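Engineer:
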Amino acid sequence: MEVILVGMGPGAPDGITLAARQAVLAAGVVVGGEGVLLTLPPEYSGERLSLAHPEDIARAIREHPEWERVVVALRGDLGFYSGAKQILELLPEMKLGLIPGVSSLAVFAARLGRPWQDFHLVSGHGVDCPVLTEVLNHPRVLFTSGGAFSPTDIVNQLLESGLGEAWVTVGENLTLPKERLRQGKAASLAGEVFSPFSLTLVESPPVFKRLSQVAGIPDLEFVRGEAPLSKRETRALALSLLAPSPGGVFYDIGAGSGSVAVELALAARRGRVYAVEERPEALALIQANRERFGVYNLFVQAGRAPAALAGLPPPEGVFVGGSQGELTPIVAAVLQANPNARLVVAAVTLETLAEANQVMRQLGVAEVSTTSLTVARTSDRAGRAMFTGLNPVFLVSGGGDA
895 MEVILVGMGP GAPDGITLAA RQAVLAAGVV VGGEGVLLTL PPEYSGERLS
945 LAHPEDIARA IREHPEWERV VVALRGDLGF YSGAKQILEL LPEMKLGLIP
995 GVSSLAVFAA RLGRPWQDFH LVSGHGVDCP VLTEVLNHPR VLFTSGGAFS
1045 PTDIVNQLLE SGLGEAWVTV GENLTLPKER LRQGKAASLA GEVFSPFSLT
1095 LVESPPVFKR LSQVAGIPDL EFVRGEAPLS KRETRALALS LLAPSPGGVF
1145 YDIGAGSGSV AVELALAARR GRVYAVEERP EALALIQANR ERFGVYNLFV
1195 QAGRAPAALA GLPPPEGVFV GGSQGELTPI VAAVLQANPN ARLVVAAVTL
1245 ETLAEANQVM RQLGVAEVST TSLTVARTSD RAGRAMFTGL NPVFLVSGGG
1295 DA
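Take a look at the structure:
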């Protein structure tokens, strides 16, 4: 038995290559999805078997050893989010031939008159697609879509994250009679309905506006007001204790001006950070700092913890800058969401220090320890550099997998 996997192009019957056409005409059996079978050359007279899933295709090939020459017809190109990869894995004992085709990506780029070598490719076909993460980290992201995930979902996620200015190009039904290219800012495409099986290019320069990966942004870089702002040294130590992973979920509870939340969002560039705060003036400052640093993976959660934590995804780590007398239920809620969450509680009074140690130990937080941070900075006094001490801060930390 000879089995050849053939890329049939993006859809139009005249979009197949000469090599693909010759392979199909020489086959005794062509297996493929119903839509792909419609693109076969009209003069093909052999058997057609409509199967779409790789498991079904592999099973049919094994169950029919009498077939002499089989072509598995697959849409697009075999190397661009194709079922070819899975079919090859399901038939490791067979030496399969491969004939590439024209991908929808190549057609899309040609329609735009642009090379696609700088596009960051992301599959949204049948998977949970992190639109925000990809757009924040890459200037040109090309999403494939299908099934329950469509260009409409991409546009909606951009709008929900405050990225309505991102430039979006949608290519629908490429090479087919109803082909359409739609371009515009995400905000201008709100409410439009697109074919799920499309390509969507999102162009927005990465908006993280601080390139340094080192924690401890100078205090003066933040938008400041009456709400508290954790000092640079405190933030640097807190992030060291939290050790945020690039894709983790983090809370900043009692976020004040949002400085710790901003630092967390910059560190967890592929994750999500929730700044929990109830005071209106502080909420406005958090939003302003979110825009200032372009950390659109930071989400402002208005309300008072622990009630405001309901519905949030389980955190990898939590910084508590202010608890409003609710430290016990806050820590309990965090541990209920993730028993291995890392916690850092900031205390500026001996009473809060004692409470934080007691609460974390009573609730079973592992490896509880306290770091005392005493900082003095120089200032000019009569032409001489003199040290001025800042109020000491205690960071009570614990938890995590270690």
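Each residue of the sequence shown is one higher than the one before, counting from 895 in the working numbering.
Built from N, CA and C at the ideal position, the CB exists for glycine as well.
If you're wondering where the values come from, they're calculated on a predicted model, not measured in any experiment.
Within 10 angstroms of its Cβ, does His-947 collect 16 or more other Cβ (buried), or is it exposed?
Structural biologist: exposed
Engineer: Can you name, in chain order, every residue of its own chain whose Cβ lies under 8 Å from the Cβ of Ala-1270, other than the five neighbours on each side?
Structural biologist: Phe-1281, Thr-1282, Gly-1283 and Leu-1284
Engineer: Could you check the C-alpha separation between Arg-915 and Lys-979 for me, to the nearest Å?
Structural biologist: 21 Å
Engineer: Going straight from the alpha carbon of Leu-912 to that of Gly-926, what length do you get?
Structural biologist: 19 Å
Engineer: Secondary structure at Thr-1272, three-state DSSP: helix, strand or coil?
Structural biologist: In the structure shown, Thr-1272 sits in a strand (DSSP, three-state: E or B).
Engineer: Could you spell out where the alpha helix (DSSP H) holding Lys-979 opens and where it closes?
Structural biologist: Lys-979 -> alpha helix (DSSP H) spans 978–984.
Engineer: Smallest Cα separation from Phe-1213: which of Leu-1133, Ala-1176 and Arg-1034?
Structural biologist: Leu-1133
Engineer: Out of Val-1287, Gly-1277, Leu-1289 and Leu-1237, which has the shortest C-alpha to C-alpha gap to Asp-1295?
Structural biologist: The option with the nearest alpha carbon to Asp-1295 is Leu-1237.
Engineer: In the DSSP output, which residue or residues are listed as bridge partners for His-1014?
Structural biologist: Val-1035
Engineer: Output needed for Asn-1234: all residues of its chain with C-beta closer than 7 Å, excluding positions within five of it in sequence on either side, in chain order.
Structural biologist: Gly-1293, Gly-1294 and Asp-1295
Engineer: Three-state secondary structure (DSSP) at Gly-909?
Structural biologist: helix
Engineer: If you check the beta carbons only, do Asn-1183 and Val-1101 fall under 8 Å apart?
Structural biologist: no
Engineer: Going by DSSP, name the residue or residues bridged to Trp-1061.
Structural biologist: Lys-1079 and Glu-1097
Engineer: Straight-line CA distance for Leu-1053 to Pro-1009?
Structural biologist: 27 Å
Engineer: Which of the three DSSP states, helix, strand or coil, is assigned to Phe-1043?
Structural biologist: strand
Engineer: Grouping DSSP H, G and I as helix and E and B as strand, with all else coil, what is Gly-929?
Structural biologist: helix
Engineer: Does DSSP put Asp-1113 in a helix, in a strand, or in coil?
Structural biologist: In the three-state reduction of the DSSP assignment, Asp-1113 falls in the helix class, which pools H, G and I.
Engineer: With a threshold of 16 other CB atoms inside 10 Å of the CB of Pro-1138, please say whether the residue is buried or exposed.
Structural biologist: Taking all protein chains in view, the Cβ of Pro-1138 is crowded by 16 or more other Cβ atoms within 10 Å, so the residue is classified as buried.
Engineer: Just tell me which of Thr-933, Ser-1291, Ala-1276 and Gly-977 has its CA closest to the CA of Asp-950.
Structural biologist: Closest in alpha carbon position to Asp-950, among Thr-933, Ser-1291, Ala-1276 and Gly-977, is Gly-977.
Engineer: Exposed or buried, what is Asp-1274 when buried is set at 16 or more other beta-carbons lying within 10 Å of its beta-carbon?
Structural biologist: exposed
Engineer: In angstroms with no decimal places, state the Cα-to-Cα distance between Val-1143 and Gly-970.
Structural biologist: 37 Å
Engineer: With C-beta atoms as the reference, is Val-1239 less than 8 Å away from Ala-1231?
Structural biologist: no
Engineer: Start and end of the beta strand (DSSP E) containing Thr-1243?
Structural biologist: Counting along the chain, Thr-1243 sits inside no beta strand (DSSP E), nor does DSSP assign it H or E at all.
Engineer: Got a sec? Which residues, its chain only, sit under 8 Å from Glu-937 by beta carbon, not counting five neighbours each side?
Structural biologist: Cβ neighbours of Glu-937 within its own chain (closer than 8 Å, five residues either side excluded): Leu-919.
Engineer: Please state whether DSSP places Arg-1005 in a helix, a strand or coil.
Structural biologist: helix
Engineer: What's the call for His-958, buried or exposed, on a 16-neighbour Cβ count within 10 Å?
Structural biologist: exposed
Engineer: Between Glu-1073 and the rest of its own chain, which residues show a CB-CB distance below 6 Å, the 5 nearest in sequence each way excluded?
Structural biologist: Excluding sequence neighbours, Glu-1073 sits near Asn-1067.
Engineer: Can you list, in chain order, the residues of its chain whose CB lies under 7 Å from that of Ala-1159, leaving out five sequence neighbours each side?
Structural biologist: Val-1167, Val-1189, Asn-1191 and Leu-1192
Engineer: Do the stretch 1106–1121 and the stretch 1040–1047 make contact, defined as three or more Cβ pairs closer than 8 Å?
Structural biologist: no
Engineer: Against chain C, with Cβ distances strictly below 8 Å, would Ala-1196 count as a contact?
Structural biologist: You won't find chain C in this structure, because it holds only one protein chain.
Engineer: By the DSSP assignment, the beta strand (DSSP E) with Arg-1173 in it spans what residues?
Structural biologist: Annotation: Arg-1173 is outside any beta strand (DSSP E) and is labelled neither H nor E by DSSP.
Engineer: Could you say which of Ser-998, Ala-1000, Phe-1002 and Ile-981 lies nearest to Leu-992 if we only look at CA atoms?
Structural biologist: Ile-981
Engineer: If I measure Cβ to Cβ from Val-1025 and keep anything under 6 Å in the same chain, skipping five residues before and after, which residues do I get?
Structural biologist: Ile-1048 and Gln-1051
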